[in-house]
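Trainee:
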Amino acid sequence: MAKIILTGDRPTGRLHIGHYVGSLRRRVELQNSGKFDEIYIMIADAQALTDNFDNPEKVRQNIIEVALDYLAAGLDPEKSNLFIQSQVSELTELDFFYQNLVTVQRLQRNPTVKQELALRGFSDNEEENENKPGTPVGFFCYPISQAADITAFKGNVVPVGEDQEPMIEQTREIVRKFNTTYGKDVLVEPEILLPDNASCLRLPGTDGKAKMSKSLGNCIYLSDSAEEVNKKVKGMFTDPTHLQVSDPGHVEGNTVFTYLDAFCKPEHFAKFREAFIGKKSSFEFNSLDEVKAQYQKGGLGDSMVKNFLAAVLNDTLEPMRQRRHYYEQNIPFVYETLKKGTAAARAKAAQTLSEVKAAMKINYFDEGVLEELIKENEQKYPQSK
Ligand code: TRP
18 MAKIILTGDR PTGRLHIGHY VGSLRRRVEL QNSGKFDEIY IMIADAQALT DNFDNPEKVR
78 QNIIEVALDY LAAGLDPEKS NLFIQSQVSE LTELDFFYQN LVTVQRLQRN PTVKQELALR
138 GFSDNEEENE NKPGTPVGFF CYPISQAADI TAFKGNVVPV GEDQEPMIEQ TREIVRKFNT
198 TYGKDVLVEP EILLPDNASC LRLPGTDGKA KMSKSLGNCI YLSDSAEEVN KKVKGMFTDP
258 THLQVSDPGH VEGNTVFTYL DAFCKPEHFA KFREAFIGKK SSFEFNSLDE VKAQYQKGGL
318 GDSMVKNFLA AVLNDTLEPM RQRRHYYEQN IPFVYETLKK GTAAARAKAA QTLSEVKAAM
378 KINYFDEGVL EELIKENEQK YPQSK
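The sequence shown begins at 18 in our numbering and counts up by one.
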């Protein structure tokens with residue numbers, strides 16, 4: 018069976034380092050592994066509209082930002098189809114048929130939907146609460162639309178962050194329901210691909226809050242300058258009990274160490290020893306474990322660890338900044354890339370849609386099918402010639 022990747026992001030802002038370690042870094046590795054037959058990376062503008070319908074301009078503006086972040090991170094238009102969801106109308110047709118295969122109750126049980134509904138504070142009782150509208154139906158049903166996104170491409174590998182797990186599970190259920198109901202193995206069950214490093218599953222914000230999110234103002238963006246990164250790292254949440262350099266410190270729940278777990282590579286120690294230890298210090302670390310041990314014992318200051326983290330982050334982000342700058346200077350190329358990727362995506366989705374309709378026997382006018390239909394109904398209504 019062909020190995021096909023489908024994944025994507027909502028264009029509601031620039032991508033940050035949480036997106037990067039949660040999924041983007043993996044996508045680039047998979048792309049460059051050469052082990053995949055087709056790769057589709059989707060800018061999910063239609064899904065973004067399900068809770069931003071009143072702010073389409075925000076979504077529109079962020080399409081280019083996400084595209085630039087994708088290219089900056091190393092997605093290569095020669096190897097991956099980057100496309101815009103709303104321009105593939107076949108997806109909404111699939112969505113429409115899948116809606117019959119999912120119950121309202123099942124959607125209500127989807128943990129991510131539950132969480133997001135709570136987060137957005139939609140009202141259960143909008144007649145009595147004028148300022149708080151109820152839940153948009155499109156938003157409530159987005160897991161079904163996401164199943165359409167994945168299955169349209171026969172995607173069997175979906176690299177996403179942990180919060181998307183319930184979506185993939187629900188997609189698998191829809192696939193099974195479709196295949197058993199319509200008697201054909203038309204749709205393919207996808208597998209989720211999560212980061213293998215626990216720190217990358219859900220990178221906390223710079224303030225230590227569970228999630229990095231634009232609305233919380235606790236993000237480090239892939240496009241942040243070195244100065245911005247230095248400043249944000251300096252202000253990061255660490256261990257509130259680590260008051261003096263000599264105090265023993267905690268690394269669990271210490272955001273600076275979580276980021277180091279996610280970003281630090283063995284070569285960073287030799288490369289940044291100086292930035293890390295300062296000219297006067299006698300510290301000589303060769304691994305993150307050694308740094309952690311010293312921090313826990315006491316005698317290692319937050320500012321030193323932060324200097325090291327800033328250097329590690331900037332080392333990771335610098336090539337991305339350079340690539341982003343290059344593509345910012347080549348905007349027509351970026352749109353051409355999206356247009357080409359979207360055309361490829363449409364062709365693929367159209368193929369799947371025609372198989373879906375054939376399995377459901379709603380392909381009345383397909384070649385050969387119409388002739389059969391006429392014959393069938395002529396027999397039903399014997400012709401008096
Ligand atoms: N829900 C994803 C997000 O919030 C975006 C998305 C839409 C997606 N459709 C998808 C991801 C299909 C993976 C597969 O970022």
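Ideal Cβ placement from N, Cα and C applies to all residues, glycine included.
1. Any heavy atom of the ligand TRP inside 7 Å of the beta-carbon of V105?
2. By DSSP's criteria, G316 is part of a beta bridge. Which residues make up the other side?
3. If I'm right that E190 touches I209 with Cβ under 8 Å, what's the distance once you round it to whole angstroms?
4. Does DSSP put L210 in a helix, in a strand, or in coil?
5. Answer with buried or exposed for M59, where buried requires no fewer than 16 other C-beta atoms within 10 angstroms of its C-beta.
6. For a test of your reading of the model: does the CB of G25 fall under 7 Å from any non-hydrogen atom of the ligand TRP? Yes or no.
7. Can you give, in chain order, each stretch of the beta strand (DSSP E) that sits fully within the region 189-239 and has at least 3 residues?
8. Rounded to whole angstroms, how far is the Cβ of V273 from the Cβ of T255, which I believe are closer than 8 Å?
9. What does the alpha-carbon distance come out to for the pair A328 and H267?
10. What is the rounded straight-line gap between the Cα of N49 and the Cα of V386?
11. Just the Cα atoms here: how many angstroms apart are R193 and E46?
12. As a quick exercise: from H33, E284 and N380, pick the residue whose alpha carbon is nearest that of A89.
13. Mind checking whether the beta-carbon of D167 lies closer than 7 Å to any heavy atom of the ligand TRP?
14. Compute the distance between the beta-carbons of C217 and G39, then report whether it is under 8 Å.
15. Would D213 be called buried (16 or more neighbouring beta carbons within 10 Å of its own) or exposed?
16. Buried or exposed: which applies to T369, given that a residue is buried once 16 or more other Cβ atoms fall within 10 Å of its Cβ?
17. Decide if A362 is buried, meaning its Cβ has at least 16 other Cβ atoms within 10 Å, or exposed.
18. Hey, how far is the Cα of S162 from the Cα of T129?
19. Does the structure place the region 59-69 close enough to the region 311-329 that three or more beta carbon pairs sit under 8 Å?
20. Run through DSSP, which three-state label would K296 get?
21. Return the chain-ordered list of same chain residues with a C-beta closer than 7 Å to the C-beta of T67, the five sequence neighbours on each side being excluded.
22. In terms of residues, what are the limits of the beta strand (DSSP E) holding Y57?
23. Under 7 Å Cβ to Cβ from M337, same chain only, skipping five residues before and after it: list those, please.
24. Assign V351 to one of three DSSP states: helix, strand, or coil.
25. Got a sec? Which residues, its chain only, sit under 6 Å from D19 by beta carbon, not counting five neighbours each side?
26. Using the Cα positions of I101 and G178, report the straight-line distance between them to the nearest angstrom.
27. State the start and end residues of the unbroken alpha helix (DSSP H) segment that holds F406.
28. Determine, using beta carbons only, whether T29 and V105 come nearer to each other than 8 Å.
Mentor: Answer, in terms of the structure:
1. no
2. Per DSSP, none; premise fails for G316.
3. That belief does not hold up - the Cβ atoms of E190 and I209 are roughly 14 Å apart, past 8 Å.
4. Under the three-state reduction of DSSP, L210 is assigned to strand.
5. buried
6. Yes, since a heavy atom of the ligand TRP falls inside the 7 Å radius drawn around the Cβ of G25.
7. Runs of the beta strand (DSSP E) inside the region 189-239: 208-210.
8. 5 Å
9. 22 Å
10. 43 Å
11. 30 Å
12. Ranking the options by Cα distance to A89, first place goes to H33.
13. According to the sequence shown, residue 167 is Ile rather than Asp. Yes - the ligand TRP has a heavy atom lying nearer than 7 Å to the Cβ of I167.
14. yes
15. exposed
16. Buried, because 16 or more other Cβ atoms sit within 10 Å of the Cβ of T369.
17. buried
18. 14 Å
19. no
20. Residue placement at K296 cannot be trusted, given a pLDDT of 49 that sits under 50; the coordinates are not used to answer.
21. P153, G155, F156 and Y159
22. E55 to I60
23. A89, A90 and L239
24. Judged by DSSP in its simplified three-state form, V351 adopts helix.
25. Position check: residue 19 holds Ala in this sequence, whereas Asp was assumed. Closer than 6 Å at Cβ, skipping near neighbours: D54.
26. 20 Å
27. Lying before the first or after the last residue shown, residue 406 is absent from the chain, which here runs from 18 to 402.
28. no
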